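Trainee:
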Amino acid sequence: MINVGVHLRDTKGFLQLDKIYEDIRGLIGSSWELSRIYTGDEFCANRLPSLTELNKVCELAEDRNLELTFLIPYLTDWGQETCSRLLDALYKKNPSTEVVVNDWGTLVYVQNKYPSFKLALGRLLNKGFKDPRLQNVDDVFLLSEELAELLNTGTFDSVELQNSAKVFGFSRMERDLFPYEKHDQKAVSEIKISYYFPFGYITTGRVCLLSSLEAPKNRKFTIQDRCTQPCNKLHLRMKSKEIPFEIFQGGNTVFYLYTKPMLELLVTRAELDKARLVYQGQAIP
Amino acid sequence: MKIVAPISNIKEAEMLLHYGADELYCGVSTPEWEEHFGGQWWMNRRSPFGANIITWQSLSKIVELAHANDVPVSVTLNNSYYPAGSKKYLLRLAKKMVSELNIDALIVSDIAFLILLREEDIQTKIHLSSVGGCFNSCAVDFFTSLGVQRIILPRQLRISEIESIVTKKSDEVEFEVFALNDGCFYEEGFCQTTHAFDTPFCLINWQIEFCNHSDVIEGMVVDEQLKELQEYLWYLNNCGCTFQKNGLPNGPCSLCLFGFFRDWGVKAVKIVGREASFYRKMRSLQLVKAVIDRTREGAATDEIREFARSLRETPEYCEKGYMCYFK
Numbered sequence: 000m001i002n003v004g005v006h007l008r009d010t011k012g013f014l015q016l017d018k019i020y021e022d023i024r025g026l027i028g029s030s031w032e033l034s035r036i037y038t039g040d041e042f043c044a045n046r047l048p049s050l051t052e053l054n055k056v057c058e059l060a061e062d063r064n065l066e067l068t069f070l071i072p073y074l075t076d077w078g079q080e081t082c083s084r085l086l087d088a089l090y091k092k093n094p095s096t097e098v099v100v101n102d103w104g105t106l107v108y109v110q111n112k113y114p115s116f117k118l119a120l121g122r123l124l125n126k127g128f129k130d131p132r133l134q135n136v137d138d139v140f141l142l143s144e145e146l147a148e149l150l151n152t153g154t155f156d157s158v159e160l161q162n163s164a165k166v167f168g169f170s171r172m173e174r175d176l177f178p179y180e181k182h183d184q185k186a187v188s189e190i191k192i193s194y195y196f197p198f199g200y201i202t203t204g205r206v207c208l209l210s211s212l213e214a215p216k217n218r219k220f221t222i223q224d225r226c227t228q229p230c231n232k233l234h235l236r237m238k239s240k241e242i243p244f245e246i247f248q249g250g251n252t253v254f255y256l257y258t259k260p261m262l263e264l265l266v267t268r269a270e271l272d273k274a275r276l277v278y279q280g281q282a283i284p
Numbered sequence: 000m001k002i003v004a005p006i007s008n009i010k011e012a013e014m015l016l017h018y019g020a021d022e023l024y025c026g027v028s029t030p031e032w033e034e035h036f037g038g039q040w041w042m043n044r045r046s047p048f049g050a051n052i053i054t055w056q057s058l059s060k061i062v063e064l065a066h067a068n069d070v071p072v073s074v075t076l077n078n079s080y081y082p083a084g085s086k087k088y089l090l091r092l093a094k095k096m097v098s099e100l101n102i103d104a105l106i107v108s109d110i111a112f113l114i115l116l117r118e119e120d121i122q123t124k125i126h127l128s129s130v131g132g133c134f135n136s137c138a139v140d141f142f143t144s145l146g147v148q149r150i151i152l153p154r155q156l157r158i159s160e161i162e163s164i165v166t167k168k169s170d171e172v173e174f175e176v177f178a179l180n181d182g183c184f185y186e187e188g189f190c191q192t193t194h195a196f197d198t199p200f201c202l203i204n205w206q207i208e209f210c211n212h213s214d215v216i217e218g219m220v221v222d223e224q225l226k227e228l229q230e231y232l233w234y235l236n237n238c239g240c241t242f243q244k245n246g247l248p249n250g251p252c253s254l255c256l257f258g259f260f261r262d263w264g265v266k267a268v269k270i271v272g273r274e275a276s277f278y279r280k281m282r283s284l285q286l287v288k289a290v291i292d293r294t295r296e297g298a299a300t301d302e303i304r305e306f307a308r309s310l311r312e313t314p315e316y317c318e319k320g321y322m323c324y325f326k
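Sequence lines, in order, name chains Y and P. FYI, in numbering that gives the first Met the number 0 the residues of the first sequence are 0 to 284. FYI, in numbering that gives the first Met the number 0 the residues of the second sequence are 0 to 326.
#1: Near residue 34 of chain Y, what residues of its chain come up, given a Cβ to Cβ distance below 7 Å and the 5 sequence neighbours on each side ignored?
#2: Contact criterion: CB-CB distance below 8 Å. Does residue 71 of chain Y meet it with respect to chain P?
#3: Would residue 259 of chain Y be called buried (16 or more neighbouring beta carbons within 10 Å of its own) or exposed?
#4: Classify residue 35 of chain Y as helix, strand or coil using the three-state DSSP reduction.
#5: Less than 8 Å between the C-beta atoms of residue 76 of chain P and residue 43 of chain P, yes or no?
#6: Could you tell me which of Y/163, Y/166 and Y/151 sits nearest to residue 175 of chain Y, measuring between CA atoms?
#7: Kindly indicate which three-state DSSP category residue 196 of chain Y falls into: helix, strand or coil?
#8: May I have the straight-line CA-CA distance separating residue 301 of chain P from residue 261 of chain P, to the nearest angstrom?
#9: Start and end of the beta strand (DSSP E) containing residue 4 of chain Y?
#10: Can you tell me where the alpha helix (DSSP H) holding residue 238 of chain P begins and where it ends?
#11: From Y/95, Y/124, Y/227 and Y/93, pick the residue whose C-alpha is nearest to that of residue 41 of chain Y; which is it?
#12: If you drop the 5 nearest sequence neighbours on each side, which residues of the same chain put their C-beta closer than 8 Å to that of residue 10 of chain P?
#13: Below 8 Å, can you find three or more Cβ-Cβ pairs linking the region 233-253 of chain P to the region 174-193 of chain P?
#14: Which residues, in order along the region 234-263 of chain Y, keep a beta-carbon less than 7 Å from a beta-carbon of chain P?
#15: Determine, using beta carbons only, whether residue 170 of chain Y comes closer than 8 Å to chain A.
#16: Given a cut-off of 8 Å on the beta-carbon distance, is the pair residue 38 of chain Y and residue 13 of chain Y in contact?
#17: Output, in sequence order along the chain, the residues in the region 87-111 of chain P whose CB is closer than 8 Å to any CB in chain Y.
#18: Where does residue 215 of chain P land, buried or exposed, given buried means 16+ other C-beta within 10 angstroms?
#19: Taking the Cβ atom as the reference point for each residue, do residue 195 of chain Y and residue 173 of chain Y lie within a distance shorter than 8 Å?
#20: For residue 5 of chain P and residue 31 of chain P, what's the separation of their Cα atoms in angstroms?
#21: Whether or not the region 91-100 of chain Y and the region 157-169 of chain P are in contact is what I'm after, with contact meaning three or more pairs of Cβ atoms, one per stretch, closer than 8 Å; do they touch?
#22: How would you write the range of the beta strand (DSSP E) that residue 72 of chain P sits in, first residue to last?
#23: Please confirm if residue 176 of chain Y has its CB atom under 8 Å from at least one CB of chain P.
#24: At 8 Å on the CB atoms, spell out the chain Y contacts of residue 177 of chain P, in chain order.
#25: Exposed or buried, which one is residue 166 of chain Y when buried takes at least 16 other CB atoms within 10 Å?
#26: On the premise that residue 135 of chain P lies in contact with residue 104 of chain Y, defined as a C-beta separation below 8 Å, what is that separation, rounded to the nearest angstrom?
#27: Using beta-carbon positions only, say whether residue 149 of chain Y and residue 82 of chain P come within less than 8 Å of one another.
#28: Given a cut-off of 8 Å on the beta-carbon distance, is the pair residue 73 of chain P and residue 13 of chain P in contact?
#29: With 8 Å as the limit, tell me which residues of the region 113-145 of chain P have their beta carbon closer than that to any beta carbon of chain Y; keep them in chain order.
#30: Mind checking if residue 193 of chain Y is an interface residue toward chain P, Cβ cutoff 8 Å exclusive?
#31: Across which residues does DSSP place residue 175 of chain Y in a beta bridge pair?
#32: Output, in chain order, the set of chain Y residues within a Cβ distance shorter than 8 Å of residue 193 of chain P.
#33: List the residues that DSSP assigns as beta-bridge partners of residue 269 of chain P.
#34: Taking DSSP as the reference, what is the three-state secondary structure of residue 218 of chain Y?
#35: Could you check where the alpha helix (DSSP H) with residue 300 of chain P kicks off and where it finishes?
#36: Do you know offhand how far residue 151 of chain P's Cα is from residue 52 of chain P's?
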């Protein structure tokens, strides 16, 4: 039975769980069980929940006997200070909460301030080849072993990083499927893995196209401390003839939708590696 | 504060040294790498053709000439990820560059490669590329624990955020910031695309469909917004790779902020553009040197800002705000 977590940005998501179950069944079949709620955000500090919202999500998760994982985006000094209110509340509720970090500095920050949180590395730290424009992929795999390795692996596959897990203090790695990866062998590392679906991210940044749409002229395409979160109401579908994937922009991040073969590979990996799967269908409204 | 200038060809060396480059940085590309990756993937973030040194002899001459003028040379191996086989190769290459040429620093971003260099105790300085993603003061602690001695801060930090990091940590590590050229729409450290295809991902002419949850986009004229986006990208791309009438380059810059960088303890300012032409590199260096000379003379921060803006013959570009780093 595959363990599945579901990323809910707010409490409204709990009202949509039936629909979410249906969506997940449509994507990966029925041999899974929901074990965990993810909340927070990996890509944008403006999308972190308020303290009230976070407390409600915690309560609702607890009512349903579901564990909680908190997603933290990459943060500046000020971002860490702001986020600490949320982390303080989580620490008080459960000092062993699982927390996902997406920059090395926040890993250090969380370790120092909340030493018993269970730390996971977020997918922004797993670098690899994700450009969706690669043509003739099968031929590229044949060109050289090194190219095949490039398309099949990322930072989290590095022996050097895996061997540093104890020193760096993380026990899980969260990742998505790279668009061209093919291998279906069991992972060598003993470190626990989560795979996100049905999207992988390609690129992201602090200058948000969506929030710029509503910003006054002198604030467009700048880094903003707060915004009206138009990403809750709107996403962009981006089309280009050269790209075989369906590409979306949700908030400040560009994603590719997994293809059917990728979803099949996802299930294989989950079974082989006893990996957790994290459903993020709500990332795109 | 030092000026770090890009070099991609031995013919540029004398010019850069003459016009005041305090440090040089370059990338390399080797026949072995090209054989294994066939142009599909580069050794660093820029093309082997035009942006990198492609012969050992050229690299050797550049280092020799630079060192004769007390100018250090850094080599960038700054892809955010290197698979295992290529890491081994790059380690051998790095060791060779250090032992035979005495290169002064490697610019790195792959965390596993950084760990490997430390384990191998490579005898040269390690600089963290902006691609490595140092967004906060705790990250400085993390990277210095891995032997990093200089941190190139990412583009997508605001000036207040740079101040926060640099003022806390400039006693522990050197900081370098971008001064001129080549903006980036996304945060480069999290951009998993390649520049090896014809067009950078951020400059693709997408057909964009707005998918609104409630099928209503209120108060938003979509075409206007997309035009604004294209204009922003034009500025990021060095204003369409243009020059002012006096020959100084247009493009993103942080020249106005040099006074603040100086006062906070920033060690170096970087001219971006290893792929740029000889002419663009020269004019970029002249522009940065003019402003840094004022800065070194102790001019006040607002004086430096006014002077920098006076050098820009296109004040409307400055006013627009799309050309400013760290906004």
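No residue lacks a Cβ here, since even glycine has one placed at the ideal position from N, Cα and C. Keep in mind it's a predicted model, so treat the numbers as computed, not measured.
Mentor: Short version:
#1: 2, 3, 4, 65 and 66
#2: no
#3: exposed
#4: strand
#5: yes
#6: Y/151
#7: strand
#8: 13 Å
#9: 1-6
#10: 237-240
#11: Y/124
#12: 277
#13: yes
#14: 234, 235, 236, 237, 238 and 239
#15: Going by chain labels, chain A is absent from the structure shown, which instead holds the protein chains Y and P.
#16: no
#17: 109, 110 and 111
#18: Reliability of the predicted coordinates at residue 215 of chain P is poor, the pLDDT of 45 falling under 50, and the value obtained from them is presented with this limitation in mind. Residue 215 of chain P is exposed by the Cβ-count criterion.
#19: yes
#20: 24 Å
#21: no
#22: 72-76
#23: no
#24: Going along chain Y, no residue has its Cβ under 8 Å from residue 177 of chain P, so there is no contact; the nearest lies around 15 Å.
#25: exposed
#26: 4 Å
#27: yes
#28: no
#29: 114, 115, 118, 132, 133, 134, 135, 136, 137, 138, 139, 140, 141 and 142
#30: no
#31: Y/195
#32: 128 and 130
#33: P/3 and P/177
#34: helix
#35: 300-310
#36: 22 Å
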